[in-house]
Amino acid sequence: MKKVITYGTFDLLHWGHINLLKRAKALGDYLVVAISTDEFNDLKNKKAYHSFENRKMILEAIRYVDEVIPEDTWEQKKDDIIREGIDIFVMGDDWEGKFDELAEYCDVVYLPRTIGISTSMIKKDLTKVKVQNG
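Number 71 in our numbering belongs to position 71 of the sequence shown; there are no gaps in the numbering.
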(Lines of atoms letter the chains of each structure in order from A and count residues from 1; the text may use other names and numbers.)
(Lines give C-alpha, C1' and ligand atoms only; values in the text may rest on other atoms or scores of the structure.)
Protein backbone atom coordinates (compact mmCIF):
# COMPACT_ATOMS: atom_id res chain seq x y z
CA MET A 1 0.00 0.00 0.00
CA LYS A 2 1.34 3.40 -1.03
CA LYS A 3 0.81 6.11 1.63
CA VAL A 4 0.67 9.84 0.93
CA ILE A 5 0.79 12.76 3.36
CA THR A 6 0.01 16.46 3.03
CA TYR A 7 -0.09 19.35 5.48
CA GLY A 8 -2.13 22.50 5.89
CA THR A 9 -4.56 24.52 7.94
CA PHE A 10 -7.54 23.65 5.70
CA ASP A 11 -9.68 26.49 7.02
CA LEU A 12 -12.63 27.81 4.99
CA LEU A 13 -12.55 24.66 2.86
CA HIS A 14 -12.88 25.37 -0.88
CA TRP A 15 -12.49 23.62 -4.23
CA GLY A 16 -8.74 24.30 -4.27
CA HIS A 17 -8.42 22.22 -1.11
CA ILE A 18 -10.58 19.48 -2.63
CA ASN A 19 -8.46 19.47 -5.81
CA LEU A 20 -5.28 19.11 -3.72
CA LEU A 21 -6.75 16.26 -1.67
CA LYS A 22 -8.09 14.48 -4.76
CA ARG A 23 -4.75 14.75 -6.61
CA ALA A 24 -2.78 13.73 -3.52
CA LYS A 25 -4.98 10.66 -3.00
CA ALA A 26 -4.57 9.71 -6.68
CA LEU A 27 -0.81 9.35 -6.06
CA GLY A 28 -1.34 6.47 -3.65
CA ASP A 29 -3.76 4.24 -1.78
CA TYR A 30 -4.01 5.98 1.60
CA LEU A 31 -4.00 9.73 2.33
CA VAL A 32 -2.93 11.17 5.66
CA VAL A 33 -3.70 14.86 6.18
CA ALA A 34 -1.85 16.71 8.93
CA ILE A 35 -3.70 19.85 9.94
CA SER A 36 -2.26 22.72 11.94
CA THR A 37 -3.49 22.82 15.51
CA ASP A 38 -4.87 26.09 16.87
CA GLU A 39 -1.73 26.42 19.02
CA PHE A 40 0.56 25.92 16.02
CA ASN A 41 -1.42 28.49 14.04
CA ASP A 42 -0.89 30.94 16.93
CA LEU A 43 2.88 30.36 16.67
CA LYS A 44 2.64 31.12 12.92
CA ASN A 45 0.57 34.28 13.67
CA LYS A 46 -2.25 32.70 11.71
CA LYS A 47 -5.88 32.66 12.82
CA ALA A 48 -8.25 30.01 11.53
CA TYR A 49 -11.98 30.67 11.45
CA HIS A 50 -12.79 27.05 12.38
CA SER A 51 -11.26 25.32 15.41
CA PHE A 52 -8.86 22.40 14.99
CA GLU A 53 -11.58 19.93 16.03
CA ASN A 54 -14.07 21.32 13.49
CA ARG A 55 -11.47 21.37 10.67
CA LYS A 56 -10.55 17.79 11.58
CA MET A 57 -14.22 16.71 11.46
CA ILE A 58 -14.72 18.39 8.07
CA LEU A 59 -11.61 16.72 6.58
CA GLU A 60 -12.56 13.30 7.97
CA ALA A 61 -15.85 13.56 6.04
CA ILE A 62 -14.06 13.96 2.69
CA ARG A 63 -13.85 10.72 0.73
CA TYR A 64 -10.24 11.27 -0.36
CA VAL A 65 -8.97 11.52 3.24
CA ASP A 66 -8.19 8.33 5.13
CA GLU A 67 -6.66 9.77 8.30
CA VAL A 68 -6.24 13.19 9.92
CA ILE A 69 -3.41 13.91 12.36
CA PRO A 70 -2.40 17.10 14.17
CA GLU A 71 0.47 19.30 13.02
CA ASP A 72 2.04 20.87 16.10
CA THR A 73 5.45 22.01 14.78
CA TRP A 74 7.33 22.71 11.53
CA GLU A 75 9.89 20.08 12.52
CA GLN A 76 7.56 17.07 12.93
CA LYS A 77 7.30 16.19 9.24
CA LYS A 78 10.26 13.79 9.18
CA ASP A 79 8.95 11.96 12.26
CA ASP A 80 5.44 11.78 10.79
CA ILE A 81 6.81 10.32 7.55
CA ILE A 82 8.74 7.63 9.42
CA ARG A 83 5.99 6.83 11.96
CA GLU A 84 3.18 6.68 9.35
CA GLY A 85 5.26 4.76 6.76
CA ILE A 86 4.76 7.49 4.16
CA ASP A 87 5.86 6.95 0.55
CA ILE A 88 4.97 10.39 -0.89
CA PHE A 89 4.96 13.84 0.71
CA VAL A 90 2.69 16.30 -1.15
CA MET A 91 2.40 20.09 -0.91
CA GLY A 92 1.14 22.88 -3.15
CA ASP A 93 3.72 24.35 -5.50
CA ASP A 94 3.72 27.61 -3.55
CA TRP A 95 5.98 25.63 -1.16
CA GLU A 96 8.25 24.34 -3.96
CA GLY A 97 11.77 23.63 -2.74
CA LYS A 98 10.95 24.20 0.93
CA PHE A 99 10.70 20.50 1.82
CA ASP A 100 13.23 18.93 -0.55
CA GLU A 101 15.25 17.59 2.42
CA LEU A 102 12.41 15.12 3.05
CA ALA A 103 13.33 13.33 -0.20
CA GLU A 104 15.77 11.34 1.96
CA TYR A 105 12.72 9.63 3.52
CA CYS A 106 10.10 9.57 0.74
CA ASP A 107 9.21 11.07 -2.63
CA VAL A 108 8.43 14.80 -2.47
CA VAL A 109 5.80 16.14 -4.88
CA TYR A 110 4.68 19.75 -5.32
CA LEU A 111 1.29 19.99 -6.99
CA PRO A 112 0.11 23.08 -8.89
CA ARG A 113 -2.28 25.30 -6.95
CA THR A 114 -5.83 25.68 -8.19
CA ILE A 115 -6.02 28.99 -10.04
CA GLY A 116 -8.53 31.57 -8.85
CA ILE A 117 -9.12 30.43 -5.27
CA SER A 118 -7.36 30.58 -1.91
CA THR A 119 -8.36 30.96 1.71
CA SER A 120 -6.60 34.34 1.76
CA MET A 121 -8.71 35.46 -1.20
CA ILE A 122 -11.92 34.31 0.51
CA LYS A 123 -11.02 36.20 3.70
CA LYS A 124 -10.21 39.33 1.68
CA ASP A 125 -13.50 39.09 -0.25
CA LEU A 126 -15.48 38.56 2.95
CA THR A 127 -13.87 41.65 4.48
CA LYS A 128 -14.98 43.67 1.40
CA VAL A 129 -18.53 42.37 1.72
CA LYS A 130 -18.60 43.23 5.42
CA VAL A 131 -17.38 46.79 4.74
CA GLN A 132 -19.90 47.27 1.91
CA ASN A 133 -22.77 46.02 4.08
CA GLY A 134 -21.56 48.03 7.08
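By construction, the Cβ of each residue, glycine as well, lies at the ideal position given by its N, Cα and C atoms.
Since we're looking at a predicted model, the values are computed, not measured.
Inclusion of Val68 and Ile35 in the CB contact set at 8 Å is warranted, their separation being smaller than that value. By the Cβ neighbour-count rule, Lys44 is exposed, with fewer than 16 other Cβ atoms within 10 Å of its own. Look at the region 67 to 115 and you find these whole runs of beta strand (DSSP E), each 3 residues long or longer: 67 to 71, 88 to 92 and 107 to 111. Around the Cβ of Tyr7, a 10 Å sphere holds 16 or more other Cβ atoms; the residue is buried.
In this structure the region 59 to 76 does not touch the region 95 to 103; the number of beta carbon pairs closer than 8 Å is below three. In this structure, Leu59 lies near Val33, with their beta-carbon atoms less than 8 Å apart. For the pair of segments examined, the region 13 to 28 was found to touch the region 79 to 90: the number of CB pairs separated by less than 8 Å reaches three.
Non-local C-beta neighbours of Lys46 in its own chain, meaning closer than 8 Å and more than five positions away in sequence, comprise Thr9 and Ser36, ordered along the chain. Beta-bridge partners of Gly8 (DSSP): Ile35.
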